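Report on one structure; see the data block that follows.
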Amino acid sequence: MGLGMQIAYLGFAGSARIESEAGVQLVRLGRFDDRLAGCQLALEALRQPDGRVMYDARLDLMTHEHELTPVRRCKHADPLVAIRHAFDAAELMLDA
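Below is the structure:
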């Protein structure tokens, strides 16, 4: 059985494109399914003083024992890049 994922959008409405990218990135963690039950991804739109929007991706990994392990937060102007960086960080953490 594959890993599960919950996605929360804060400050903006999500999109099919974002959900698709998150699903693609989740597949990368499949090789760790002996240690992981799933993950929770929160993507928040943060308005900057100059009017720009930065996206903060927060990824928590959930073990089979229902323990959450946070991955470092990743911010970027493009939400898809923020998501990719969060999953990059998760892979590095799990490989260590």
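Start counting the sequence shown at -7; every next residue gets the next number (the numbering used here).
Note that the Cβ used here is the ideal one computed from N, Cα and C, for glycine as well.
All values reported here derive from a predicted model rather than from experimental measurement.
Of the residues the options, the one placed nearest residue i, counting alpha carbons only
{"i": "E36", "options": "I75, H56, E83, L28", "result": "I75"}
{"i": "R44", "options": "R50, D70, R65, Y1", "result": "D70"}
{"i": "R64", "options": "H77, Q17, C31, M(-3)", "result": "H77"}
{"i": "G(-6)", "options": "H56, E83, L60", "result": "H56"}
{"i": "C66", "options": "E59, L60, A49, M54", "result": "A49"}
{"i": "L53", "options": "R27, H68, Y1, G6", "result": "R27"}
{"i": "M85", "options": "M46, T61, G15, A8", "result": "T61"}
Chain B within 8 Å of residue i, Cβ atoms only
{"i": "F4", "result": "The structure shown contains no chain B; it is built from a single protein chain."}
Bridge partners - residue i, DSSP secondary structure assignment
{"i": "V73", "result": "None, per the DSSP bridge assignment."}
{"i": "G(-4)", "result": "G30"}
Helix, strand or coil at residue i according to DSSP, with G and I counted as helix
{"i": "D80", "result": "helix"}
{"i": "V45", "result": "strand"}
{"i": "E59", "result": "coil"}
{"i": "D87", "result": "helix"}
{"i": "R39", "result": "strand"}
Burial state of residue i, where buried means 16 or more other Cβ atoms lie within 10 Å
{"i": "Q40", "result": "exposed"}
{"i": "L38", "result": "exposed"}
{"i": "Q17", "result": "buried"}
{"i": "A88", "result": "exposed"}
Length of the line joining the Cα atoms of residue i and residue j
{"i": "A81", "j": "L21", "result": "11 Å"}
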